[in-house]
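Peer 1: In full-length UniProt numbering, the protein residues as written are 1 to 114.
Glycine is no exception: its CB is placed at the ideal position from the N, C-alpha and C atoms.
Keep in mind that this is a model prediction, so the values were computed, not measured.
Below: one structure in structure tokens.
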């Protein structure tokens, strides 16, 4: 029965529409915001101090529906229980009232310029 659920979820995921990004512009984050982002992302890590970050960016976006967001995207690598790094994985979130809130979103961090 589990494959049926997987197909149902995949079908529903195809029905979801996201507002397109009309405009995006990079923002230089303050050192305080960078520290807050890193602390939140590594909150549940076994060894948060050993986390490695790359491609951290903060972007102001304007969506096609007129909504404005300050999005945060990046990649983090942490250690497992054996002390080895597990590999970089993506993270994302938004800045609301100056505070970072980690969340998963299935849309790009910034406007694609192809």
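1. State the beta-bridge partners of residue 71 as determined by DSSP.
2. What residues in its chain sit with their C-beta under 7 Å from that of residue 45, if we drop five residues either side in the sequence?
3. Identify whether residue 27 lies in helix, strand or coil by the three-state DSSP scheme.
4. Output the distance between the C-alpha atoms of residue 53 and residue 38, rounded to the nearest integer angstrom.
5. Going by the DSSP bridge assignment, what does residue 100 pair with across the sheet?
6. Alpha carbon to alpha carbon, how far is residue 91 from residue 112?
7. For the putative contact between residue 57 and residue 95, defined by C-beta atoms under 8 Å, what is the C-beta separation to the nearest angstrom?
8. Any idea what DSSP makes of residue 20, helix, strand or coil?
9. Buried or exposed: residue 25, going by 16 or more other Cβ atoms within 10 Å of its Cβ?
10. From the DSSP output, in three-state form, read off residue 77 for me.
Peer 2: Looking at the atomic coordinates:
1. For this step, residue 71 is matched to residue 71 along the chain shown. Bridge partners of residue 71: 59 and 94.
2. Residue 45 sits at position 45 when you count from the first residue of the chain shown. Within the same chain, residue 45 has close Cβ partners 51 and 78.
3. Working through the chain shown from its first residue, we reach residue 27 at position 27. DSSP places residue 27 in strand when its eight states are reduced to three.
4. Start at 1 with the first residue of the chain shown, and residue 53 comes out as number 53. Start at 1 with the first residue of the chain shown, and residue 38 comes out as number 38. When rounded, the distance between both Cα atoms is 8 Å.
5. The count along the chain shown starts at 1 and reaches residue 100 at position 100. DSSP output for residue 100 lists 95 as bridge partner(s).
6. Against the chain shown, residue 91 aligns to sequence position 91. Against the chain shown, residue 112 aligns to sequence position 112. C-alpha separation (whole angstroms): 18 Å.
7. Looking up residue 57 in the chain shown gives position 57. Looking up residue 95 in the chain shown gives position 95. That belief does not hold up - the Cβ atoms of residue 57 and residue 95 are roughly 12 Å apart, past 8 Å.
8. Position 20 of the chain shown, counted from the start, is the residue given in the question as residue 20. Three-state result, residue 20: coil.
9. The sequence position of residue 25 within the chain shown is 25, counting from 1. Exposed: under 16 other Cβ atoms inside 10 Å.
10. In the chain shown, the residue the question calls residue 77 occupies position 77. The answer is strand: DSSP assigns residue 77 an E or B state.
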